[in-house]
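The sequence shown lines up with residues 4 to 62 when you count with the numbering used here.
Yeah, the Cβ is synthetic: ideal placement off N, Cα and C, and Gly gets one too.
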Amino acid sequence: MLNPTYAYRSALDLNATFGTGFADQVASLSIGNWDGPIQSGFGYHLIFINTCTQKKKHH
4 MLNPTYAYRS
14 ALDLNATFGT
24 GFADQVASLS
34 IGNWDGPIQS
44 GFGYHLIFIN
54 TCTQKKKHH
């Protein structure tokens, strides 16, 4: 069974867990709203995004 919450996950982590392209679908969703259904290798998901942070660039 999958976790009900996936906080602070990178796009790489999301794709590794849910399948290629899943992170791109999630990235297109709005913050503060329920969205879906979003398809993965496990089926369909309803997703609520609380916050989104950008990866810090290393200098």
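Could you tell me the distance, in whole angstroms, from the CA atom of residue i to the CA atom of residue j?
{"i": "T56", "j": "Y47", "result": "24 Å"}
{"i": "S33", "j": "I41", "result": "13 Å"}
{"i": "L15", "j": "K58", "result": "12 Å"}
{"i": "Y9", "j": "F45", "result": "15 Å"}
{"i": "Y11", "j": "S31", "result": "17 Å"}
Answer yes or no: do residue i and residue j have a C-beta to C-beta separation smaller than 7 Å?
{"i": "A26", "j": "N36", "result": "no"}
{"i": "G22", "j": "S43", "result": "yes"}
{"i": "G39", "j": "I50", "result": "yes"}
Would you list the residues sitting across from residue i in a DSSP beta bridge?
{"i": "K43", "result": "For the record, residue 43 in the displayed sequence is Ser; it is not Lys. Note: S43 sits in a beta bridge opposite G46."}
{"i": "D16", "result": "In DSSP, D16 forms no bridge with anything."}
Between which two residues does the alpha helix (DSSP H) containing residue i stretch?
{"i": "Q28", "result": "25 to 30"}
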